[in-house]
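I have placed the structure first, in the form of structure tokens, so that the comments after it can refer back to it.
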Amino acid sequence: MSESIVRALKCRECGHEYEIQPTHVCEFCFGPLEVVYDYDKLDGKFTRELIESRPQNMWRYKELLPIDGEPKVGANNGFTPLIKADRLAKALGVKELYIKIDSVCYPTLSFKDRVVSVALSKAVEFGFKTVACASTGNLAGSVAANAAAAGLESYVFIPEDLEQGKVLGAAIFGTNIISIRGQYDDVNRLCSEVAGKYGWAFVNVNVRPFYAEGSKTLGYEVMEQLGWKAPKHVVVPMASGSLCTKIDKSIKEFIQLGLVEDNQTAMYGAQATGCSPITKSVKDDTDMIHPVKANTIAKSLAIGNPADGYYANKVMKESGGYAEDVSDEEIIDAMKLLAETEGIFAETAGGVTLGCAKKLIDSGKIPRDESIVLCITGNGLKTQEAVLNEVAKPRIINASLKEFDVLAAADGVK
Ligand SMILES: Cc1ncc(COP(=O)(O)O)c(C=O)c1O
Ligand SMILES: [Zn+2]
Numbered sequence: 032m033s034e035s036i037v038r039a040l041k042c043r044e045c046g047h048e049y050e051i052q053p054t055h056v057c058e059f060c061f062g063p064l065e066v067v068y069d070y071d072k073l074d075g076k077f078t079r080e081l082i083e084s085r086p087q088n089m090w091r092y093k094e095l096l097p098i099d100g101e102p103k104v105g106a107n108n109g110f111t112p113l114i115k116a117d118r119l120a121k122a123l124g125v126k127e128l129y130i131k132i133d134s135v136c137y138p139t140l141s142f143k144d145r146v147v148s149v150a151l152s153k154a155v156e157f158g159f160k161t162v163a164c165a166s167t168g169n170l171a172g173s174v175a176a177n178a179a180a181a182g183l184e185s186y187v188f189i190p191e192d193l194e195q196g197k198v199l200g201a202a203i204f205g206t207n208i209i210s211i212r213g214q215y216d217d218v219n220r221l222c223s224e225v226a227g228k229y230g231w232a233f234v235n236v237n238v239r240p241f242y243a244e245g246s247k248t249l250g251y252e253v254m255e256q257l258g259w260k261a262p263k264h265v266v267v268p269m270a271s272g273s274l275c276t277k278i279d280k281s282i283k284e285f286i287q288l289g290l291v292e293d294n295q296t297a298m299y300g301a302q303a304t305g306c307s308p309i310t311k312s313v314k315d316d317t318d319m320i321h322p323v324k325a326n327t328i329a330k331s332l333a334i335g336n337p338a339d340g341y342y343a344n345k346v347m348k349e350s351g352g353y354a355e356d357v358s359d360e361e362i363i364d365a366m367k368l369l370a371e372t373e374g375i376f377a378e379t380a381g382g383v384t385l386g387c388a389k390k391l392i393d394s395g396k397i398p399r400d401e402s403i404v405l406c407i408t409g410n411g412l413k414t415q416e417a418v419l420n421e422v423a424k425p426r427i428i429n430a431s432l433k434e435f436d437v438l439a440a441a442d443g444v445k
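Okay, here's the thing in structure tokens:
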């Protein structure tokens, strides 16, 4: 069973359906297009046993992804550990806590390898030779790496103030890296114009409907790794808000296909206070998203005008979840807490997720006695600037036992 069950692209606003093609906006109402499927076609043949029999990568769920046949790009991507985080649970005062560790996603250490695998596979199917993206950092690295491995030409566009690890993490793959004087929203605007003019596959512009579906695999994995259970509470970092909506979609699909039971999963979104348009809309109990100028160390989440903000807001409200935001100081504290309790070095976005989870728990929005999943989506080695001056410096001595004895005595070691 590997036949695609994709039906069409469907406008999220007016419902008009389009044939599968590289486009993302409805011609009638300018609403965003989404991939829809004929789930009935699976007819009981997409089972837990079939999925478990397949290699441990994101394509074990390929029937629910918008590609034809086998993936053309990123065949080994995805499938990251889900750990039970007992030491962190104790520190937070909660009973049952899990961490999905996409900070070690293959090949570029962020969940973006999931979305890029689908976008580039589809781009190859459509016949594109050049792929591109507007990025807050992680996407650029992932497009560059996966394009290199697939022999595709790539152009990645980033705001000029990104961390060195993000810039190097794209440039090393020999991509064309374009740094724009401005914020992500300026980069994105330019990319819409470039996409129209140059006819490239922009993963988060004209092939966005396909790209976004890749995020569902994070949710599928969590449910399989929980022993085929839907989680109770999920905390997700938000930039455009897409990941939040797609984890929600993954859970609804598994329930519909009878792979898990409905656990009334509540979705919680996390943003940095310095760029929190989606969180603000939830806290203000409105569905209006007011664009902001970003000012935070969580640069990967710094999207001031989030494309999927409205839909993420809806998912959080309808699922009974909520949204939170944290200051830069709280982000750093949370990065250190995660590292010191669980040995996980997450990027600033991970600090946002944990920092917001802590606030949601302390305020009673997430109950202490129900299970919680935190989505850690990027790696700390790419945002070293954030914590460089926040950790102990190495103490330097000569290679002398006498000198070490002095140091150990000062530490009270016997
Ligand atoms: C590490 C990390 N986590 C989360 C996100 C949020 O993604 P989305 O735009 O789907 O909300 C991003 C986006 O760039 C990211 O880089
Ligand atoms: Zn429409």
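For the sequence shown, the working numbering gives the first residue as 32, with consecutive numbering after it.
Glycine included, C-beta positions come from ideal geometry on N, C-alpha and C.
Whether residue i touches residue j by CB criterion (8 angstroms)
i: L405; j: Y353; result: no
i: I328; j: T379; result: yes
i: L183; j: K160; result: yes
i: I130; j: E355; result: no
i: N177; j: V198; result: no
i: T167; j: A333; result: yes
i: K413; j: E194; result: yes
i: I278; j: V291; result: no
i: A270; j: F157; result: no
i: I407; j: D133; result: yes
i: H55; j: V187; result: no
i: N344; j: S307; result: no
i: E50; j: K41; result: no
i: G105; j: L151; result: yes
i: G245; j: R85; result: no
i: G411; j: A365; result: no
i: W259; j: R91; result: no
i: F241; j: V66; result: yes
i: L119; j: L419; result: no
i: L113; j: Q256; result: yes
i: C446; j: V346; result: Look at the range of the chain in this structure, 32 to 445, and you will see that residue 446 is not part of it.
Other residues of its chain near residue i: CB distance less than 8 angstroms, five sequence neighbours each side excluded
i: Y70; result: I36, E284, Q287 and L288
i: E434; result: I428
i: A202; result: A175 and I208
i: D217; result: P190 and I211
i: D117; result: L128
Segment limits, beta strand (DSSP E) that includes residue i
i: T408; result: Neither: T408 is in no beta strand (DSSP E) and is coded neither H nor E.
i: L140; result: Note, L140: premise wrong, no beta strand (DSSP E); not H, not E.
i: N219; result: Here N219 belongs to no beta strand (DSSP E); instead the alpha helix (DSSP H) covers Y215 to Y229.
i: L40; result: V37 to C42
i: N207; result: N207 to I211
i: V422; result: First-last for V422: undefined, no H or E at that position.
i: L64; result: L64 to Y68
i: S185; result: E184 to P190
i: A165; result: T161 to A165
Host alpha helix (DSSP H) of residue i (start-end)
i: R239; result: R239 to E244
i: A440; result: L432 to D442
i: V174; result: N169 to A181
i: L199; result: Q195 to A202
Neighbourhood of residue i by C-beta distance below 6 angstroms, restricted to the same chain and skipping five residues each side
i: M32; result: Confidence in M32 is poor, its pLDDT being 49 and thus under 50, which makes the residue's placement unreliable; the coordinate value appears in the next sentence. So the list reads K76, once near-sequence residues are dropped.
i: L170; result: K143 and C164
i: A226; result: F233, V236 and N237
i: L432; result: none
i: R43; result: G62, P63 and E65
Rounded distance between the beta-carbons of residue j and residue i, thought under 8 angstroms
i: G335; j: Q214; result: 6 angstroms
i: P337; j: A301; result: Between A301 and P337 the Cβ distance is about 13 angstroms, and since that is not below 8 angstroms, they are no contact.
i: E101; j: L73; result: In fact, because the Cβ distance is near 18 angstroms, the residues do not count as touching under 8 angstroms.
i: V422; j: G386; result: Wrong, their Cβ atoms sit about 17 angstroms apart, outside the cutoff.
i: K367; j: L123; result: Going by Cβ atoms, the distance from K367 to L123 rounds to 14 angstroms, so no, they are not a contact pair.
i: V125; j: I403; result: 6 angstroms
i: V155; j: A181; result: 7 angstroms
Contacts around residue i, its chain only, beta-carbon distance under 7 angstroms, and the 5 residues preceding and following it disregarded
i: Y341; result: D318 and I320
i: F110; result: Q87, N88, M89 and E252
i: S350; result: D279, T296, A297 and M298
i: E221; result: Checking the displayed sequence, the identity of residue 221 turns out to be Leu instead of Glu. Excluding sequence neighbours, L221 sits near F188 and I211.
i: V383; result: P268, A301, Q302, A303, A329, L332, V357 and I362
i: R426; result: L438
i: K153; result: P97, I98, V238 and F241
i: D436; result: none
i: D400; result: K126
Proximity test, Cβ basis, 8 angstroms: residue i and chain D
i: F110; result: No chain D appears in this structure, which consists of one protein chain only.
**OP:** Mind listing, in chain order, the continuous alpha helix (DSSP H) runs of no fewer than 4 residues lying wholly within the stretch 71-132?
**Re:** 79-83 and 117-123, all fully within the stretch 71-132.
Original post:
Which runs of the alpha helix (DSSP H), 4 residues or longer, sit entirely within the stretch 328-382?
Top reply: The stretch 328-382 contains these whole alpha helix (DSSP H) runs: 340-350 and 359-373.
**OP:** Scan the stretch 255-334 and note each continuous beta strand (DSSP E) run of 3 residues or more that stays entirely inside, going in chain order.
**Re:** Here the runs fully enclosed are 264-268 and 297-303.
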